[in-house]
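Trainee: I'd like to ask you about the structure that follows.
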Amino acid sequence: MNHTVRIWDLPTRLFHWALAVCIPGLVITANVGGDAMAWHFRLGYCVLALMLFRLVWGFAGGRWSRFSSFACSPTRVVRYLKGQNGEGADVGHSPLGALAVFALLGALITQVGTGLFSDDEIAASGPLTRWVSSAVVELSTRYHTDYGQYLVLGLVGLHLLAIAFYAFWRQQTLVRPMVGGDKTLPSPAQPSRDDAASRAGAAAVLAMCATVVWWISGLGA
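Now the structure itself:
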């Protein structure tokens, strides 16, 4: 008997799809340059707010959105690769999936963080460049424009390959649960909280994160 369980709460799903829109937008605006850089900054601030929100929601969100549910210790990863899946290994993020999430979050935080200290020496500069040395600005700019963006794109590519692998080889869709929130499981599992109160709390957290980012953006004025 299969069981339908709410795995991804609405705030986590909205975060995921907002990020999926922002990342291509950042890549496009960075390569177009010129007036598009204004949108590059706006999208970058959006991603920064989303990252701050996800860090908080990793401790306050639904059961399977919390970092404590990301079972990705070396032992769990090795067992997963050997096919020795423990109970609940595929309910939320698998051990490999959890590692991928941490890697992508870390790469995105580093990317938007270095963007705050970057300067293209033409017309665009991050709001925090005035607060650090020229050496820090140069290092941040080099990472942000060269290594960082390719690291993010590579991790996004791996994410898409993983979705395809699960769809075609394991006959599991990872997209549908991230759209509707529910997952069909062979055995019962604790659902994530996803009620009006938790959603209101998420909205308050996002508002606070957006306020922090707005304050940061004004430091370069």
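Number 638 in this note's numbering belongs to position 49 of the sequence shown; there are no gaps in the numbering.
Virtual Cβ for every residue (Gly too), placed ideally from N, Cα, C.
Who are the Cβ neighbours of Gln779 in its own chain at under 7 Å, not counting the five residues just before and after it?
Mentor: The residue given as residue 779 occupies position 190 in the sequence shown. Once the five neighbours on either side are set aside, the close Cβ partners of Gln779 are Arg652.
Trainee: Measuring alpha carbon to alpha carbon, tell me which residue in Gly809, Leu808, Val802, Gly807 is nearest Ala638.
Mentor: Residue mapping note: residue 638 aligns to position 49 of the sequence shown, counting from 1. Answer by Cα proximity: Val802.
Trainee: Judging by CA-CA distance, which residue of Phe659, Phe656, Ser683 is the nearest neighbour of Tyr881?
Mentor: The structure shown does not extend to residue 881, since the chain is modelled only from 590 through 810, so no value can be given for it.
Trainee: Are the beta-carbon atoms of Met626 and Leu697 separated by less than 8 Å?
Mentor: What you label residue 626 is simply residue 37 of the sequence shown in a count that begins at 1. What you label residue 697 is simply residue 108 of the sequence shown in a count that begins at 1. No, the pair does not count as a contact, with Cβ atoms beyond the cut-off.
Trainee: By alpha-carbon positions, which one of Glu727, Gly769, Ser806, Thr593 ends up nearest to Glu710?
Mentor: Locating residue 710 in the sequence shown gives position 121, where the first residue counts as 1. Nearest option by C-alpha distance: Glu727.
Trainee: Between the Cα of Val741 and the Cα atoms of Thr699, Ser806, Thr601, which residue gives the shortest distance?
Mentor: If you number the sequence shown from 1, residue 741 lands on position 152. Among Thr699, Ser806, Thr601, the Cα nearest to that of Val741 belongs to Thr699.
Trainee: With a CB to CB cut of under 6 Å and the five nearest residues on each side skipped, what residues in its chain are close to Val636?
Mentor: On the sequence shown, residue 636 is found 47 positions in, with the first residue counted as 1. Closer than 6 Å at Cβ, skipping near neighbours: Cys611, Val701.
Trainee: By the DSSP assignment, the alpha helix (DSSP H) with Arg812 in it spans what residues?
Mentor: This structure gives no information on residue 812, because the portion of the chain shown stretches from 590 to 810.
Trainee: With a 10 Å radius around its C-beta and 16 neighbouring C-beta atoms as the bar for buried, classify His629 as buried or exposed.
Mentor: On the sequence shown, position 40 is the one that residue 629 refers to. His629 is buried by the Cβ-count criterion.
Trainee: Between the alpha carbons of Gln761 and Tyr755, how many angstroms are there, rounded?
Mentor: Taking the first residue of the sequence shown as 1, we reach residue 761 at position 172. Taking the first residue of the sequence shown as 1, we reach residue 755 at position 166. If you take the alpha carbons of Gln761 and Tyr755, they lie about 5 Å apart.
Trainee: From which residue to which residue does the alpha helix (DSSP H) around Val725 run?
Mentor: In the sequence shown, the residue the question calls residue 725 occupies position 136. It spans 723-731 - the alpha helix (DSSP H) in which Val725 sits, taken as one unbroken run.
Trainee: Under the rule that 16 or more other beta-carbon atoms within 10 Å means buried, what is His592, buried or exposed?
Mentor: Locating residue 592 in the sequence shown gives position 3, where the first residue counts as 1. With fewer than 16 Cβ atoms within 10 Å of its Cβ, His592 is classed as exposed.
Trainee: With distances taken Cα to Cα, identify the nearest neighbour of His605 among Arg782, Ser722, Trp646, Val594.
Mentor: Taking the sequence shown and counting its residues from 1, the one referred to as residue 605 is at position 16. Selected option, being the one with the closest Cα: Trp646.
Trainee: What did DSSP end up calling Val594 once you bin it into helix, strand or coil?
Mentor: Residue numbering aside, residue 594 sits at position 5 when the sequence shown is read from its first letter. Of the three classes helix, strand and coil, the one that applies to Val594 here is strand, per DSSP.
Trainee: By alpha-carbon positions, which one of Tyr739, Leu705, Ala712 ends up nearest to Val725?
Mentor: Here residue 725 refers to the residue found at position 136 when the sequence shown is read from its first residue. Among Tyr739, Leu705, Ala712, the Cα nearest to that of Val725 belongs to Leu705.
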